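A.B. asks:
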Amino acid sequence: MAENPTNESGVILDTIVANPYKYGFRTDIESEEFEKGLNLEIVQKISQKKAEPQFLKQFREKAFKSWQKMTEPSWAYLNVPSIDFDSIQYYSVPKTKKKNRQLRRRRPRTSKDF
Numbered sequence: 008m009a010e011n012p013t014n015e016s017g018v019i020l021d022t023i024v025a026n027p028y029k030y031g032f033r034t035d036i037e038s039e040e041f042e043k044g045l046n047l048e049i050v051q052k053i054s055q056k057k058a059e060p061q062f063l064k065q066f067r068e069k070a071f072k073s074w075q076k077m078t079e080p081s082w083a084y085l086n087v088p089s090i091d092f093d094s095i096q097y098y099s100v101p102k103t104k105k106k107n108r109q110l111r112r113r114r115p116r117t118s119k120d121f
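Quick note on the numbering used here: the sequence shown kicks off at 8 and runs consecutively.
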């Protein structure tokens, strides 16, 4: 039983992760998202969405180009899988609803509290 605890805990973790979430809590939020992966186009779109000044956009682009040249460090000798940067979504924001000004006029106390 205690011979290989790492393997047992790995099996338990794999079982939990492989099964869908069963407790029912879920929040569906309408959001704006960019496609998965990271490339220069995504970096530029993020900068554009944030309405960043030109110098910051150039900084982002330069940082991205530097990052592309980097290799994953191996000095720690860790036995972990490489990160798949193309499977990560780098931009996702919830869509905001316009506030109902008419409601504020009718119920100023409610609008102030909430």
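Glycine is no exception: its CB is placed at the ideal position from the N, C-alpha and C atoms.
Predicted model, so just to flag it, every value in this text is computed and none were measured.
Just mark Val-50 as buried or exposed, buried being the case when its beta carbon has 16 or more other beta carbons within 10 Å.
C.D. replies: Locating residue 50 in the sequence shown gives position 43, counting from the first residue. Buried is the call here.
A.B. asks: Using the three-state DSSP reduction, which class does Val-100 fall into: helix, strand or coil?
C.D. replies: Here residue 100 refers to the residue found at position 93 of the sequence shown. Of the three classes helix, strand and coil, the one that applies to Val-100 here is strand, per DSSP.
A.B. asks: Suppose contacts are defined by Cβ-Cβ distances below 7 Å. Is Ser-94 in contact with Lys-43 by that definition?
C.D. replies: Position 87 of the sequence shown, counting from 1, holds the residue named residue 94. Position 36 of the sequence shown, counting from 1, holds the residue named residue 43. Yes. Within cutoff.
A.B. asks: Helix, strand or coil for Ser-38 per DSSP?
C.D. replies: The residue given as residue 38 occupies position 31 in the sequence shown. It is a strand residue.
A.B. asks: Identify whether Trp-82 lies in helix, strand or coil by the three-state DSSP scheme.
C.D. replies: Counting from one through the sequence shown, the residue named residue 82 turns up at place 75. The answer is coil: DSSP assigns Trp-82 none of H, G, I, E or B.
A.B. asks: Under a three-way DSSP split, which group does Ala-58 fall into?
C.D. replies: Here the question's residue 58 lines up with position 51 in the sequence shown. Correct three-state label for Ala-58: coil.
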